[in-house]
Amino acid sequence: MVVVVALSVVLSGCGKKASEKMAEKMVESAMAKDGVKGKVDISGDKVTVQTKDGTTTFSGGGNAKIPDNFPKEVYVPDGATITASASTPGGFTLVLQVKDPGDKVAEVYKSKMTGAGWKEESSMNQPGMNMLVYKKAGTTMTAIIAGSDKVTQVSLNVAEDKKAAKATE
Numbered sequence: 086m087v088v089v090v091a092l093s094v095v096l097s098g099c100g101k102k103a104s105e106k107m108a109e110k111m112v113e114s115a116m117a118k119d120g121v122k123g124k125v126d127i128s129g130d131k132v133t134v135q136t137k138d139g140t141t142t143f144s145g146g147g148n149a150k151i152p153d154n155f156p157k158e159v160y161v162p163d164g165a166t167i168t169a170s171a172s173t174p175g176g177f178t179l180v181l182q183v184k185d186p187g188d189k190v191a192e193v194y195k196s197k198m199t200g201a202g203w204k205e206e207s208s209m210n211q212p213g214m215n216m217l218v219y220k221k222a223g224t225t226m227t228a229i230i231a232g233s234d235k236v237t238q239v240s241l242n243v244a245e246d247k248k249a250a251k252a253t254e
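Every position in the sequence shown, counted from 1, becomes a number in my numbering once 85 is added.
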């Protein structure tokens, strides 16, 4: 619920400071109703939510970028346009666009991820969409690749299992 409210605020482009403050209070109030105490900061296309569990950051629009602590071993195509990103205590989400056909993007992902030591857990190919799941040292990366011959959207979800990662070290 909180994530939906936060994302809707980001994607609505609410840029006035008074509107941002009002939206912050609305999200904090919704969180409190769900029993979550936290601080919300909205600045343009970026929303940061701090709770006892950690910090979650969402960004969208023209200011979306790859989070600084995004795992370097997860392939992101050169020239990709980042349209949205999220960083949570347990992982990351990136939404990006590339100008290559979806099947070509999927083949490059397969090559790059396995070449970097990731194990392919599953692969699904349907007309216009591919889903790839890879695992490495307690981290799972899911790529959902959908598009046409001209523009392809890639959604990357990276889930980090800290306990599993420590066990493999």
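From the three backbone atoms N, C-alpha and C, an ideal C-beta is built for every residue, glycine too.
| Item | Value |
| --- | --- |
| Distance, VAL243 Cα to GLU205 Cα | 14 Å |
| GLY164 vs VAL180 beta-carbon contact at 8 Å | no |
| CB contact flag (SER170, SER144, <8 Å) | yes |
| Cβ pair count under 8 Å reaching 3, the segment 152 to 167 against the segment 190 to 201 | yes |
| Start-to-end residues for the beta strand (DSSP E) that takes in VAL125 | 123 to 128 |
| For SER196, three-class secondary structure by DSSP | helix |
| Cβ neighbour criterion (16 or more within 10 Å) applied to MET226 | buried |
| DSSP state of VAL190 mapped onto helix, strand, coil | helix |
| Euclidean distance between Cα positions of LYS157 and ASP138 | 24 Å |
| Start and end residues, alpha helix (DSSP H) containing GLU109 | 102 to 118 |
| Beta-carbon proximity list for SER208, same chain, < 6 Å, skipping 5 on both sides | LEU217 |
| Test item: CB-CB of ASP130 and GLY120 under 8 Å | no |
| Coarse secondary structure for ASN148, derived from DSSP in three states | helix |
| Contacts around ALA201, its chain only, beta-carbon distance under 6 Å, and the 5 residues preceding and following it disregarded | GLU158 |
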